[in-house]
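As you go down the protein sequences, you meet chains W and Y in turn.
Quick note on the numbering used here: the first sequence kicks off at 9 and runs consecutively.
Quick note on the numbering used here: the second sequence kicks off at 650 and runs consecutively.
Glycine residues also receive a C-beta, built at the ideal position from the N, C-alpha and C atoms.
Given the structure is predicted, the values throughout are model-derived calculations rather than measurements.
All remarks here apply to the structure that follows.
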Amino acid sequence: MWVQLEVFLQTLIAGVLLGGLYALIGIGMTLILGVMKIINLTHGQLMMVAMYIAFWLFSLFHIDPYVSLLVAPPLLFLLGMFLQKALINPVLRVESILPHNQVILTVGIGMVLQNLATIFFTSDYRSTPVDYATEAWYLSDYWRDAPFELSLSYPWTVSFCLSVIITTALWFFLTKTDTGKSIRATAQDRDAAMLMGVNVGLMRVITFGLGAALVGAAGCLFIPIYYLFPALGAQFTLIAFVITILGGLGSTMGAILGGLILGIFESMTATYVGMGWAPVGRFAIFVAALVFLPGGVASLLKRKAVSK
Amino acid sequence: MKRFLPLIVLAVMAVLPLLGLSSYVMHLFILVVMWSVSGMAWNLLGGYTGQVSFGHAAFFGLGAYCAGLVSFHLGLSAWWGFAVSIPFVAATALVMGMIVLRLRGPYFVLATLALGEIMRITAENLTDLTQGNLGIMIQRTWVEKTGYYYIVLLMAAATYTVIKLLAESRWGYYFVAIREDQDAAESLGINTTLYKTIALTVSAVLTGFSGAFYMNYMGYIDPQVVFSLGDISILTIMVVMVGGVATYWGPIVGAVIMVLLAEVIRSLPYIGTAYQTLFGILLIVIIIYLPNGLVGDRDKLARLFGKKGAAH
């Protein structure tokens with residue numbers, strides 16, 4: 009019985025830690041979706057780019073992946089702004105039959121990024137072998153007679169805490185600063201925001217950059233605990249949109265909760281059903297959200313707020 | 650003249666194998682025709698009804714696996730896969746349509762993406778049924794290409810006819826109405842969810858045929874190939890985007906260009922590995938400058954080149 013509890017708690021911890029990182033990926037996606045009304049299907053590929061930046065900084069200059077948090081996200085911010093200004097903005101103005109042209113466009117960008125990464129960096133699996141990678145805190149160190157053993161991996165915990173810090177900083181930015189308020193106004197009602205003197209075009213560019221920077225930060229947090237290869241982007245794009253649907257389109261709070269739910273759920277499927285099935289669990293929860301809760305967690309939060 | 654164009658093209662295509670072309674050229678022709686079938690099928694849903702699917706690999710792969718498994722487990726001819734695929738593909742499309750097509754916005758795009766991935770992962774993990782990543786190998790019916798060529802040509806002709814009949818029927822107008830303005834369509838009494846689901850199901854079944862043919866023709870499939878996002882789903886979209894969205898000839902023109910381009914690029918030294926980059930750039934350029942494809946924007950193209958001609 010203790011063994012089962014131990015497995016369960018350990019799975020739960022792993023799920024929450026993973027979920028915290030997922031939340032960061034989801035927030036970037038949901039911000040872009042809220043402001044631009046387009047799904048950024050190159051989100052994971054942007055994360056891959058950030059991970060390669062962190063990887064090269066580590067292997068060439070021995071810069072710790074956590075330090076590259078100061079380098080990769082700003083670069084990604086610039087890349088995101090460039091993509092938005094040079095490619096996505098022109099398409100918003102083009103007359104076309106299909107309404108989803110911008111989405112297909114982001115797929116094209118993703119293909120280019122992934123293929124360029126394969127050409128320049130080969131499709132080898134890479135990782136940053138930091139010396140603290142296998143260190144962990146053990147429950148028995150603190151509570152000697154503990155009936156079961158739990159461990160808390162050092163890099164996972166650091167990544168999780170940094171993710172929480174970044175999310176909090178983002179929350180302050182969105183709620184307390186003028187730019188943040190303008191972004192939220194643009195997301196709520198583009199035309200009204202424009203009438204109030206918000207530079208909507210600029211906000212779009214900043215939002216795309218911000219979304220890219222956030223996922224870039226997630227990449228820096230992922231690289232010490234994960235491995236890296238060019239096709240990894242597609243996988244994380246899928247994760248990002250599952251979180252976005254689960255959380256509710258365009259809702260930041262929803263993305264955080266969605267990330268946590270997905271992290272815990274995936275971790276549970278991996279333990280109790282089988283490693284190979286974890287991605288299926290991901291999609292099962294996605295389909296369930298579509299059927300039972302199309303508005304995502306955000307619609308529940310809203311309902312509660314209304315009934316108050 | 651214009652009315653008979655499809656028949657003329659069909660007649661020309663039907664005579665082609667008699668010219669004694671090399672096996673490689675026939676292979677290219679078969680691929681072109683196969684991709685135009687997939688493209689036309691996607692176009693019904695994406696072009697006419699305006700529901701962009703990123704997961705047609707799900708239906709393609711399902712069709713391919715139906716053909717492969719019929720042969721592998723039941724010992725029947727893999728050609729039975731065409732018949733067997735209909736209920737499976739149609740049921741998948743119906744269930745998916747009933748879940749996702751009620752919703753507006755980006756849900757459909759995301760759900761189709763997810764469906765393709767779910768199918769791939771399921772096929773990889775159900776090793777008892779599908780042999781997982783080992784894939785399925787079957788005995789091909791002919792070594793010669795001619796037989797396959799006529800079969801796929803027949804499929805293309807049938808698909809073209811079905812799409813044309815549908816697009817020019819009452820349903821076709823409903824589809825376009827839904828694409829142009831869903832609220833207006835609904836207020837005129839069109840059951841939008843129903844007609845979107847119909848478009849999805851027809852499109853899925855036709856794509857499934859394309860997949861079943863692929864199994865018969867190639868003789869080998871594995872989940873990574875037939876459920877591939879990049880090589881099936883996205884390529885299908887590109888065939889239609891390059892050729893022309895919501896046009897009869899667009900997917901065919903697109904298939905010719907994409908198959909030839911893929912062959913040319915892959916055969917070039919050094920550049921071969923960058924073919925996805927080039928495809929991606931092509932996709933970006935098409936979306937920005939020719940959003941309705943070569944056929945859809947042919948007036949624009951004519952004007953562009955006409956102006957250039959006048960300037961010289």
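Name the DSSP bridge partner or partners of residue 161 (chain W)? According to DSSP, which records beta bridges pairwise, residue 161 (chain W) is partnered with W:144.
Going by C-alpha to C-alpha distance, which of W:37, W:54, W:98 sits closest to residue 934 (chain Y)? Of the listed residues, the one whose Cα sits closest to residue 934 (chain Y) is W:98.
For residue 276 (chain W) and residue 282 (chain W), the rounded distance between their alpha carbons: In this model, residue 282 (chain W) and residue 276 (chain W) are separated by some 9 Å (Cα to Cα).
Please report the distance separating the alpha-carbon of residue 19 (chain W) from that of residue 897 (chain Y). Computed Cα separation, rounded: 54 Å.
Would you kindly work out how many angstroms separate the C-alpha atoms of residue 32 (chain W) and residue 725 (chain Y), rounded to a whole number? Looking at the two C-alpha atoms, the distance is approximately 51 Å.
Taking the alpha-carbon positions, what's the residue 209 (chain W) to residue 22 (chain W) distance? Residue 209 (chain W) and residue 22 (chain W) have their C-alpha atoms some 40 Å from each other.
Can you tell me where the alpha helix (DSSP H) holding residue 716 (chain Y) begins and where it ends? Segment 705 to 723, the alpha helix (DSSP H) holding residue 716 (chain Y).
Return the first residue and the last residue of the alpha helix (DSSP H) that residue 880 (chain Y) is part of. Looking at the DSSP string, residue 880 (chain Y) is not in any alpha helix (DSSP H), and its letter there is neither H nor E.
Give the interface partners of residue 872 (chain Y) over in chain W, defined as CB-CB distance under 7 Å, in chain order. For residue 872 (chain Y), no chain W residue has a Cβ inside 7 Å of its Cβ, as the nearest lies near 12 Å away.
According to DSSP, is residue 753 (chain Y) part of a helix, a strand, or is it coil? Reduced to three states, the DSSP call for residue 753 (chain Y) is coil.
Which residues, in order along the stretch 755 to 767 of chain Y, keep a beta-carbon less than 8 Å from a beta-carbon of chain W? Correct list: 755, 756, 758, 759, 760, 762, 763, 766, 767.
Using the Cβ count rule (16 or more neighbours within 10 Å means buried), how would you classify residue 660 (chain Y)? Residue 660 (chain Y) comes out exposed.
Please name the residues in the stretch 260 to 285 of chain W whose beta-carbon is closer than 7 Å to at least one beta-carbon of chain Y, in chain order. Cβ contacts with chain Y: 284, 285.
Residues sharing a beta bridge with residue 134 (chain W), DSSP: According to DSSP, which records beta bridges pairwise, residue 134 (chain W) is partnered with W:236.
Please list the partners that residue 318 (chain W) has in chain Y, where partner means a Cβ-to-Cβ separation under 9 Å. The shown model of chain W, from 9 to 316, leaves out residue 318 (chain W), and the question about it has no answer.
Determine which residues share a DSSP beta bridge with residue 869 (chain Y) and list them. DSSP lists Y:786 as the beta-bridge partner residues of residue 869 (chain Y).
Same chain, Cβ closer than 8 Å to residue 41 (chain W), neighbours up to 5 away in sequence not counted: Taking residue 41 (chain W) as the centre and dropping the five residues before and after it, the same chain places the C-beta of 47, 48, 252, 257, 258 closer than 8 Å to its C-beta, in chain order.
Could you check what DSSP says for residue 310 (chain W) in three-state terms: helix, strand or coil? Three-state DSSP puts residue 310 (chain W) in a helix.
Give every residue of the same chain whose Cβ lies closer than 7 Å to the Cβ of residue 720 (chain Y), excluding the five residues on either side of it in the sequence, and list them in chain order. Non-local beta-carbon contacts of residue 720 (chain Y) in its own chain, meaning distances under 7 Å to residues more than five positions away in sequence, involve 726, 727, 787 in chain order.
Check each candidate in W:9, W:14, W:112 and name the one with the smallest Cα separation from residue 279 (chain W). Minimum Cα distance to residue 279 (chain W) is reached at W:14.
Alpha-carbon spacing of residue 817 (chain Y) relative to residue 198 (chain W), whole angstroms: Taking the straight line from one Cα to the other gives about 38 Å.
Check the Cβ-Cβ distances between residue 959 (chain Y) and every residue of chain W, and say whether any is below 9 Å. The predicted position of residue 959 (chain Y) is uncertain, since its pLDDT is 46 and thus under 50; a value taken from the coordinates is nonetheless stated next. For residue 959 (chain Y), no CB of chain W lies under 9 Å from its own CB, so it is not counted at the interface with that chain.
Buried versus exposed, by CB contacts within 10 Å (16 or more), residue 131 (chain W): With fewer than 16 other Cβ atoms from the protein chains shown falling within 10 Å of its own Cβ, residue 131 (chain W) counts as exposed.
Indicate whether at least one CB of chain W lies closer than 9 Å to the CB of residue 890 (chain Y). Chain W contact via Cβ: present.
DSSP three-state assignment for residue 92 (chain W), whether helix, strand or coil: Helix.
Could you say which of W:44, W:45, W:50, W:30 lies nearest to residue 245 (chain W) if we only look at CA atoms? Nearest C-alpha to residue 245 (chain W): W:50.
Kindly indicate which three-state DSSP category residue 618 (chain Y) falls into: helix, strand or coil? The first residue shown for chain Y is 650 and the last is 961, placing residue 618 (chain Y) beyond what the model contains.
Does chain W have any CB closer than 9 Å to the CB of residue 721 (chain Y)? Not closer than 9 Å to any Cβ of chain W, the Cβ of residue 721 (chain Y) fails to qualify, so no.
Since residue 784 (chain Y) contacts residue 870 (chain Y) with CB under 8 Å, what's their CB separation in whole angstroms? For residue 784 (chain Y) against residue 870 (chain Y), the beta-carbon gap comes to about 6 Å, under 8 Å, which counts as contact.
Counting only Cβ-Cβ distances shorter than 7 Å, please list the residues of the stretch 926 to 937 of chain Y near chain W, keeping chain order. Residues 926, 928, 929, 930, 932, 933, 936, 937.
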